[in-house]
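Everything on this sheet refers to the single structure shown next.
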Amino acid sequence: MKTALFPGSFDPITEGHVEIIERGLAIFDKIVVAIGINANKKYMFSLEDRMAMLTRTFEKEPRIEVAFYQSLTVDFAKERNISFILRGLRAPSDLEYEQPIAYVNQHLNPAIEVVCLLSKPETAHISSTVVREIIRYQGNLQKLVPQPVIEYILQKNLVF
Ligand code: ADP
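The structure is reproduced here in structure tokens:
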């Protein structure tokens, strides 16, 4: 079975992430969407909230598992017996960011292959950063984040 790891902060998950993950399911049998905990990063949403939003987004997709880890991404992949890391590229700036990370990961574990998919033009403008800005000012999140994320924020009355 071919499994890929889709690592990220998912602060929060966006339609951009979902689009890459859904296309990834045409290549891989299973995708583990995992939140990498970085102690130096400040997040808008708690780990619990980010996990809940991931779980709700993918609850109807049996080939997607959600998880979190606090270790090197390659170590988590190895621990789970995963040989592919899936990433999305929106623009050349994403490649500039991803390439050195991919090289370091391949240095640390040459058995792991990094697979990057180009985002569709329809979602290339979406980032968690922009979404957080819209949330702060209570703007319209339709088509930027999955519906379960909108419902979760409203339901939990999360205010920032
Ligand atoms: P990180 O903190 O690792 O950047 P993110 O949650 O922001 O985590 O992103 C995880 C992955 O999703 C990265 O590969 C990123 O480039 C990709 N990604 C984010 N937004 C989009 C989008 N709109 N289209 C395609 N890929 C995206």
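For the record, in the sequence shown the residue sitting at position 13 is 381 according to the numbering used here, with numbers rising by one throughout.
Backbone N, C-alpha and C fix where the C-beta goes; we use that ideal spot for every residue, glycine too.
Remember, it's a predicted structure, so these values are computed and weren't measured experimentally.
Helix, strand or coil for residue i per DSSP?
i, result
"Leu509", "coil"
"Ile494", "coil"
"Leu486", "strand"
Report yes if the C-beta of residue i is less than 7 angstroms from at least one heavy atom of the ligand ADP; otherwise report no.
i, result
"Phe378", "yes"
"Gly392", "no"
"Thr491", "yes"
"Thr371", "no"
"Arg500", "no"
"Ile395", "no"
"Arg418", "no"
"Leu414", "Note on identity: in this sequence residue 414 is Ser, with Leu being the wrong assignment. No, since every heavy atom of the ligand ADP falls outside the 7 angstroms radius drawn around the Cβ of Ser414."
"Leu457", "yes"
What does residue i pair with, by DSSP beta-bridge criteria?
i, result
"Pro430", "In DSSP, Pro430 forms no bridge with anything."
"Ile403", "Gly376 and Phe436"
Quick one, are the C-beta atoms of residue i and residue j less than 8 angstroms apart?
i, j, result
"Ile405", "Leu454", "no"
"Glu383", "Lys488", "no"
"Pro375", "Val513", "no"
"Thr441", "Asn473", "yes"
"Glu481", "Phe444", "no"
"Ser377", "Ser461", "no"
"Ala435", "Val400", "yes"
"Ala394", "Leu373", "no"
"Met421", "Tyr505", "no"
*Scan the region 414-461 and note each continuous beta strand (DSSP E) run of 3 residues or more that stays entirely inside, going in chain order.*
Counting only runs of 3 or more, we get 432-437 and 452-457.
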